[in-house]
Amino acid sequence: MRKQGYLYMRAENNIENPVRRSKKIDNSVRKYFVCTYSLGQYSKKFLYKHVEICKQRPATAERASRNCLARSQTFFTTLKSKNQSKIREMARMLIILKDINSSVHMIFDAMKPGMFQDIITATKVISGYDSINKSYKSPSLAPHMGTNLKLLCDIALKIVIENIALKVIKEKQWQKPNLLPSAEDIENFRTYVNDLANSTYIELRQGKWTLMNYRTLTECVLAFTVMFNRKRIGDVQYLKIETYTKNESTSIQEAFGESLTLVEKIISKKFKRVVTEGKGSKPVPILLSSLNQKFIRE
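Going by UniProt numbering, the first residue of the sequence shown is number 1, and it counts up by one from there.
Set out below in C-alpha cells:
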C-alpha cells in the first residue's frame with residue numbers, strides 16, 4: 001500500500017520515492033523504474049536483481065530478463081486507478097446535481113426516489129447527450145454512472161438500514177425476558193413422563209416388544225436425563241452404549257469418595273456418572289438416576 005501511494009505521488013506530483021536511492025544518480029533526472037509486481041521504484045541496475053527475488057511475482061511468471069525495463073515503462077504509463085476514476089465521475093455528477101437542485105449538499109441526498117429525474121438529467125449532461133441526434137459524446141460513461149449509483153446504494157443501505165437494524169435485533173435479543181416454566185408445570189410434566197415410562201416398561205417386561213413401546217421408553221429416558229441434568233439435547237441424545245457401559249476405575253472412585261460426606265456417599269451410589277462427547281468435542285458429564293438406569297437396562 002505504501003509503494004502504491006508513492007506511485008500516485010510520482011504520477012501526480014512528480015515526486016520519486018525509490019526503495020533504494022543511489023547517491024550516484026542525479027535526482028534532477030528521473031532514472032527510477034517501477035516493478036510491475038510490487039509497484040516499488042528501483043534504479044535501472046537494481047531492477048533486474050529485484051525482479052528475481054520479488055515476493056509479489058507469481059510462480060507462473062517468466063524469469064527476469066532485459067525486457068523487464070521495457071515492461072516497467074509500459075506498465076507505468078498505462079496504470080489507471082479505478083477508485084480515482086469513480087470518485088471523479090461521482091464528483092462531476094454531484095456538481096451538476098447541485099446546479100439542478102439546491103437542496104443537494106452531498107451525494108447521499110440524491111439517493112431518493114424523488115431525485116430520479118434529476119439524476120437522469122445529470123447523467124445526460126455528463127455523458128454529452130444530444131437530444132436531437134439521440135447520441136452520446138461519451139457513450140461508455142453513462143453505464144458507468146449506473147454502476148456507481150448501485151455501489152452507492154449498497155453503501156447507503158449498510159450505513160442507514162443494516163447497521164441500525166442489526167443493532168435493534170441485538171438489543172431485542174438481550175432485552176427479551178426468559179420465559180421459564182413454573183414449578184407446578186415441571187412437576188406435572190415429570191409425573192406424566194414417569195407414568196408413561198412405567199406403563200411402557202411393564203408392557204416390555206410382559207413381552208410386548210413393539211417399535212412404539214421401545215421408542216416411547218427411549219423418549220422418556222431422554223426427557224428425564226435432560227430435565228435432571230439441564231443439558232443440551234444434543235449432548236444427551238448421542239450418548240453411545242459403549243460409553244454408558246464403560247465403568248470408571250475404582251481407584252478414582254475411592255479417592256473421590258474420601259472427600260464426600262456420609263449423605264453424599266449414599267446419594268452417589270444411586271446415580272451413575274457418564275462422560276460423553278458434547279459440542280466441539282468437549283467432555284460433558286451426565287448423571288443418571290437409578291430409575292433411568294433401570295429403563296436403560298430394559
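Even for Gly, the Cβ is constructed at its ideal location relative to N, Cα and C.
A quick note: this is a predicted structure, and the numbers were derived from the prediction, not measured.
- The beta carbons of Leu288 and Val275 sit no closer together than 8 Å.
- Between Gly146 and Lys137, the gap from beta carbon to beta carbon reaches 8 Å or more.
- In the structure shown, Val275 adopts extended strand secondary structure according to DSSP, grouped into three states.
- Contact annotation: Ile126 and Leu141 have beta-carbon atoms nearer than 8 Å.
- Non-local C-beta neighbours of Ile286 in its own chain, meaning closer than 8 Å and more than five positions away in sequence, comprise Thr225, Asn229, Lys231, Asp235, Val236, Leu239, Arg273, Val274, Val275, Thr276, ordered along the chain.
- Our two residues, Leu262 and Ser290, have alpha carbons roughly 19 Å apart in a direct line.
- Rounded to the nearest whole angstrom, the C-alpha separation of Ala122 and Asn133 is 18 Å.
- Ser259 carries a coil assignment under DSSP once its states are collapsed to helix, strand and coil.
- Secondary structure note for Val34: its beta strand (DSSP E) is the uninterrupted segment 32-34.
- Inter-residue distance for Leu179 and Ala110 is about 46 Å (C-alpha atoms, whole angstroms).
- Of the other Cβ atoms in all chains shown, 16 or more fall within 10 Å of the Cβ of Pro18; this residue is therefore buried.
- Using a Cβ distance threshold of 8 Å, Asp118 and Leu151 do not count as a contacting pair.
- Judged by DSSP in its simplified three-state form, Val104 adopts coil rather than helix or strand.
- In the three-state reduction of the DSSP assignment, Leu287 falls in the strand class.
- Look at Gln173 here: in three-state DSSP terms it is helix.
- Counted as a single uninterrupted DSSP element, the beta strand (DSSP E) harbouring Ser43 occupies residues 41-43.
- Around the C-beta of Ala223, 16 or more other C-beta atoms lie within 10 Å, and the residue is accordingly described as buried.
- In the same chain as Lys270, and ignoring 5 residues on each side of it, the C-beta atoms closer than 6 Å to its own belong to Ser290, in chain order.
- Taken atom to atom, the span from the alpha-carbon of Phe33 to that of Ser131 is near 47 Å.
- Per DSSP, reduced to three states, the secondary structure at Tyr136 is strand.
- Residue pairing from DSSP leaves Tyr214 without any beta-bridge partner.
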